[in-house]
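Chains as they are written, first to last, in the numbering used here: chain W, 6 to 137; chain S, 6 to 137; chain X, 6 to 137; chain G, 6 to 137; chain C, 6 to 137; chain D, 6 to 137.
6 protein chains.
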Amino acid sequence: MYSITVRDHIMIAHSFHGEVFGPAQRLHGATFVVDATFRRVELDADNIVVDIGLASGQLAEVLGELNYRNLDEEPAFAGVNTSTEALARVIADRLADRVHSGALGEGARGLAGLTVTLHESHIAWASYERTL
Amino acid sequence: MYSITVRDHIMIAHSFHGEVFGPAQRLHGATFVVDATFRRVELDADNIVVDIGLASGQLAEVLGELNYRNLDEEPAFAGVNTSTEALARVIADRLADRVHSGALGEGARGLAGLTVTLHESHIAWASYERTL
Amino acid sequence: MYSITVRDHIMIAHSFHGEVFGPAQRLHGATFVVDATFRRVELDADNIVVDIGLASGQLAEVLGELNYRNLDEEPAFAGVNTSTEALARVIADRLADRVHSGALGEGARGLAGLTVTLHESHIAWASYERTL
Amino acid sequence: MYSITVRDHIMIAHSFHGEVFGPAQRLHGATFVVDATFRRVELDADNIVVDIGLASGQLAEVLGELNYRNLDEEPAFAGVNTSTEALARVIADRLADRVHSGALGEGARGLAGLTVTLHESHIAWASYERTL
Amino acid sequence: MYSITVRDHIMIAHSFHGEVFGPAQRLHGATFVVDATFRRVELDADNIVVDIGLASGQLAEVLGELNYRNLDEEPAFAGVNTSTEALARVIADRLADRVHSGALGEGARGLAGLTVTLHESHIAWASYERTL
Amino acid sequence: MYSITVRDHIMIAHSFHGEVFGPAQRLHGATFVVDATFRRVELDADNIVVDIGLASGQLAEVLGELNYRNLDEEPAFAGVNTSTEALARVIADRLADRVHSGALGEGARGLAGLTVTLHESHIAWASYERTL
Chain W
6 MYSITVRDHI MIAHSFHGEV FGPAQRLHGA TFVVDATFRR VELDADNIVV DIGLASGQLA
66 EVLGELNYRN LDEEPAFAGV NTSTEALARV IADRLADRVH SGALGEGARG LAGLTVTLHE
126 SHIAWASYER TL
Chain S
6 MYSITVRDHI MIAHSFHGEV FGPAQRLHGA TFVVDATFRR VELDADNIVV DIGLASGQLA
66 EVLGELNYRN LDEEPAFAGV NTSTEALARV IADRLADRVH SGALGEGARG LAGLTVTLHE
126 SHIAWASYER TL
Chain X
6 MYSITVRDHI MIAHSFHGEV FGPAQRLHGA TFVVDATFRR VELDADNIVV DIGLASGQLA
66 EVLGELNYRN LDEEPAFAGV NTSTEALARV IADRLADRVH SGALGEGARG LAGLTVTLHE
126 SHIAWASYER TL
Chain G
6 MYSITVRDHI MIAHSFHGEV FGPAQRLHGA TFVVDATFRR VELDADNIVV DIGLASGQLA
66 EVLGELNYRN LDEEPAFAGV NTSTEALARV IADRLADRVH SGALGEGARG LAGLTVTLHE
126 SHIAWASYER TL
Chain C
6 MYSITVRDHI MIAHSFHGEV FGPAQRLHGA TFVVDATFRR VELDADNIVV DIGLASGQLA
66 EVLGELNYRN LDEEPAFAGV NTSTEALARV IADRLADRVH SGALGEGARG LAGLTVTLHE
126 SHIAWASYER TL
Chain D
6 MYSITVRDHI MIAHSFHGEV FGPAQRLHGA TFVVDATFRR VELDADNIVV DIGLASGQLA
66 EVLGELNYRN LDEEPAFAGV NTSTEALARV IADRLADRVH SGALGEGARG LAGLTVTLHE
126 SHIAWASYER TL
């Protein structure tokens, strides 16, 4: 199995609902350093997993929908705790939609799976892994 | 599959038995930067894998039993080579016990698995992965 | 010249005033990984720059006044752009006050200077350096 | 499942064939920071996955065949795009050959699998994973 | 003294002249992860060292003149060893020209100095520091 | 001013004397990731600060005198707290001796200064800086 990973980041505000979150129930924020990993069983005709330029570009577009925003005010997240692990899934699913629509190139339809990891600090990170 | 990872560290002394270890047969030491990864198939009612505060706290307690010690003198390791990979399992198994006892919260009983990685330097690390 | 550095972090929300900031004029947030560096010309009687436990503890207290907050609502920052470099100074000056008050130990009065670095992402960071 | 990873690096020149590569069709180069991960189900008689000295030494030998070279002129890569993911496989397969030949020790024959990751920058990396 | 740093990278081919360079006399290559640090004594009217968007953009333009190239064929480097430390100066001087021309904004004329660091691997890097 | 830095590491056991050290008074250990930075005002005839191969080799030799040892039993450290900052000086001074003896090459006699940084974990490090 092969994979390639590209890294980018977002800077957002949000708050959490539930006693388990303690002081993180207050409005605060985070830089999420985002790693998107694309997997496939065999390389394509160019000897690559996916065009790294397209992968970086599509990741930047998906992140652009979240970046520099207060997630508490985004309709997509109404009533939802935007935990690091939940956001990892949102980003992975949006990337998967773009793979299926052909935005990562025709060859990308041969991808087997996708993992998105969000680093919220030097001591904590979260991932969501799915098939394609 | 979702995961969250928390990072902490220990500073210990130890020595190894066996010619394969060369100069590491002498009493020496290591800083192990420890990453504990918790996995589950679906998020809990709070939209998280596990409470990150409880996870960090329980990891700190497990590491507190090893930190600032000479492992050669710990009864738990009598006659055992405390290699990086062997210590990864010790820490993973002790965390698993705490998950099963409820110390990471009732929701943590829904965890699927656990991986512990110990970084012994910038050029070497080891992991142990298990189910829960 | 000797130095020691300790690392911690905060997660805050804020927004900026001024066209130069573009989309960062919207309410967003950041994780700041904070490095506090303490310098002195000669080591103290214990052969150290400063007690690393006290240094870490005082840094944590200074950061605790900022952590999990919306800086736009903090009276201390009214009318001020809380840029990464400006926050580096705030933290450095608050640590300096604690050095001068004896909170880092009597020996810490021999410190020559202090630098605080805030990493806002994997591709940007800022520092403020001062004497003591 | 246990694993250990060792890190080393190479500095090579190469170019790519195919419009998808854009400016990377020109002769350029890369530092690849290379992580080789060895996996096994149970530890050996010394309580390790594999002798870390042998693992590092064999990785260095495999990398020595590529280091400080223009890959466009290497017969082994004639007509082949030496993408990061393709090179990950080359290195993994050459390490696997050495495991099978006994160069990592007799105990290494009990290894279950191998992953090689090449970091081409702070924002992109690729892996190849195989069984042994 | 305040500073901000932005990070980017280039991937180039080159070779060295001189026995001291050993195998690096062959055509090879490198990824240089490039950190550009801008320093000033007091913050500007926006409470910043320099507009981070302009700083990143100008660094990207300077690096664009070097990226994906064989430096041995660049007229600017004829007869010159393009060592990591020498390239750090080239990039610093080109950034300084842009500061002086106003490309980093009028406020950037108040900058006191500049440091450029090039990381050639996880175990080696080089810097050049200058005034402005 | 130019600089180059090379990285290596040691794994040692030791203990501290003095109440300020708390549990670190027990025999424990550390991995120190060691960065040695060499500075000079102008580059030498080869357009470098110092031969990176010689610098790495001499750093490895200096570290070899400390590696895989219990520093409490080393005559050189009798009655001395081998704090991270104190060890940074020991290593810097031993490297300076080698520079002066010509072990880093004749050109290295033109070096202006030296800094040694020891990282004891992901959240703490110490440096010693001196002239040559």
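All C-beta atoms in this analysis are idealised placements derived from N, C-alpha and C, irrespective of residue type, glycine included.
Under the three-state reduction of DSSP, GLY118 (chain W) is assigned to strand.
The C-beta of VAL95 (chain D) has 16 or more other C-beta atoms within 10 Å across all chains shown, which makes the residue buried. According to the DSSP assignment, GLY27 (chain D) belongs to no beta strand (DSSP E), since it is labelled neither H nor E. Here ASP49 (chain D) carries a coil assignment [DSSP, helix/strand/coil].
Three or more Cβ pairs closer than 8 Å define a contact, and the stretch 48–60 of chain D falls short of that threshold against the stretch 69–89 of chain D.
For ALA18 (chain S), at least one C-beta of chain D is nearer than 8 Å to its own C-beta. As computed with DSSP, THR87 (chain X) is found in no beta bridge at all. Following the DSSP letters along the chain, one finds ILE15 (chain G) inside the beta strand (DSSP E) bounded by residues 7–19. If you draw a straight line from the Cα of LEU32 (chain D) to the Cα of GLY34 (chain S), it is about 9 Å long. Non-local beta-carbon contacts of GLN63 (chain G) in its own chain, meaning distances under 6 Å to residues more than five positions away in sequence, involve ARG103, ALA108 and LEU109 in chain order. In this structure, the straight-line span from the alpha carbon of SER88 (chain C) to that of ASN52 (chain D) is close to 7 Å.
Near chain X, meaning a CB-to-CB distance below 7 Å, the residues of the stretch 52–70 of chain C are ASN52, ILE53, VAL54, ASP56, ILE57 and GLY58. Considering only beta carbons, the part of the stretch 81–105 of chain W lying closer than 9 Å to chain S consists of VAL85, ASN86, THR87, SER88, THR89, GLU90, ALA91, ALA93 and ARG94, in chain order. In the structure shown, the three-state DSSP call for ASP98 (chain W) is helix.
Judged by pairs of C-beta atoms under 8 Å, the stretch 112–128 of chain W does not touch the stretch 16–26 of chain S, as fewer than three such pairs exist.
DSSP, read as helix, strand or coil, puts ARG135 (chain G) in strand. Approximately 6 Å separates the beta-carbon atoms of LEU119 (chain S) and ARG135 (chain S); this is inside 8 Å, confirming the contact. Interface annotation for the stretch 102–135 of chain S against chain D: GLU125, SER126 and HIS127, criterion Cβ-Cβ distance under 7 Å. Counted as a single uninterrupted DSSP element, the alpha helix (DSSP H) harbouring ILE57 (chain D) occupies residues 57–69. At the C-beta level, THR10 (chain G) and ASP49 (chain G) stay beyond 8 Å of one another.
By the beta-carbon neighbour count (other beta carbons within 10 angstroms, threshold 16), ALA131 (chain C) is buried. HIS124 (chain W) sits buried, since 16 or more C-beta atoms from the chains shown fall within 10 Å of its C-beta. Exposed is the label assigned to SER106 (chain X), since fewer than 16 other Cβ atoms lie within 10 Å of its Cβ. In the three-state scheme derived from DSSP, where H, G and I count as helix and E and B as strand, ARG103 (chain S) is classed as helix. By the C-beta density criterion, GLU66 (chain X) is exposed, having fewer than 16 other C-beta atoms within 10 angstroms. Restricting attention to C:ASP13, C:ASN86, C:ALA91 and C:VAL121, the CA atom closest to the CA of ILE128 (chain G) is found in C:ASP13. Of all residues in the stretch 7–32 of chain S, only TYR7, SER8, ILE9, THR10, VAL11, ARG12 and ASP13 place a beta-carbon less than 9 Å from a beta-carbon of chain W. Here GLU125 (chain S) carries a strand assignment [DSSP, helix/strand/coil]. Going by beta carbons, PHE21 (chain W) and ASN86 (chain W) fall inside the 8 Å limit. Contact check for VAL121 (chain G) and ALA81 (chain G): beta-carbon distance about 16 Å, past the 8 Å limit, so the pair fails to qualify. Around the C-beta of ALA29 (chain C), 16 or more other C-beta atoms lie within 10 Å, and the residue is accordingly described as buried.
Here SER8 (chain C) has THR42 and ARG44 as same chain residues with Cβ atoms under 6 Å from its own Cβ, once five neighbours each way along the sequence are excluded. Residue pairing of PHE43 (chain W) in beta bridges, as defined by DSSP: W:ILE9 and W:LEU119. The C-beta distance from ALA83 (chain D) to LEU137 (chain D) rounds to 28 Å, too long to fall under 8 Å, and the pair is not in contact. Taking a beta-carbon distance threshold of 8 Å, VAL38 (chain G) counts as an interface residue toward chain C.
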